[in-house]
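Input: a single structure, listed below in structure tokens.
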Amino acid sequence: MRRLWWLWRLRRLWRLWRLWRLWRLRRLRWLWRLRRLWRLWRLWRLRRLRSRRLWRRLWWLWLWLRLRLLLSVL
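Position in the sequence shown counted from 1, then plus 2, gives you the working numbering.
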């Protein structure tokens with residue numbers, strides 16, 4: 003009888019441990035996914051800002067060249 007009780011207890015502990023492990027893995031996976039999304043978003047934002055800055059620089063350069071051209075013609 004005692005042995006049966008122990009077996010039942012062990013089985014219950016085993017099941018709880020398995021559930022806990024599964025939950026932990028799922029949670030870790032979820033956190034990892036979230037972190038990856040955050041990183042991608044941040045990179046995209048930085049790239050977008052950089053590209054916007056680049057476009058602005060190009061626009062200023064183009065404007066300056068046109069102005070110089072206009073001045074050289076005059």
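No residue lacks a Cβ here, since even glycine has one placed at the ideal position from N, Cα and C.
- Task: Tell me where the alpha helix (DSSP H) around Leu-36 begins and ends.
- Result: For the purposes of this step, residue 36 is taken as residue 34 along the sequence shown, with counting starting at 1. Where Leu-36 is concerned, the enclosing alpha helix (DSSP H) stretches over 4-75.
- Query: Taking the C-alpha atoms as reference points, what is the distance between Arg-11 and Trp-22?
  - Reply: Numbered from its first residue, the sequence shown carries residue 11 at position 9. Numbered from its first residue, the sequence shown carries residue 22 at position 20. If you take the alpha carbons of Arg-11 and Trp-22, they lie about 16 Å apart.
- Message: With a threshold of 7 Å on Cβ separation, who are the neighbours of Arg-47 within its own chain once the five nearest residues in sequence on each side are excluded?
- Response: Translated into the one-based positions of the sequence shown, residue 47 becomes position 45. Excluding positions up to five away in sequence, the list is empty.
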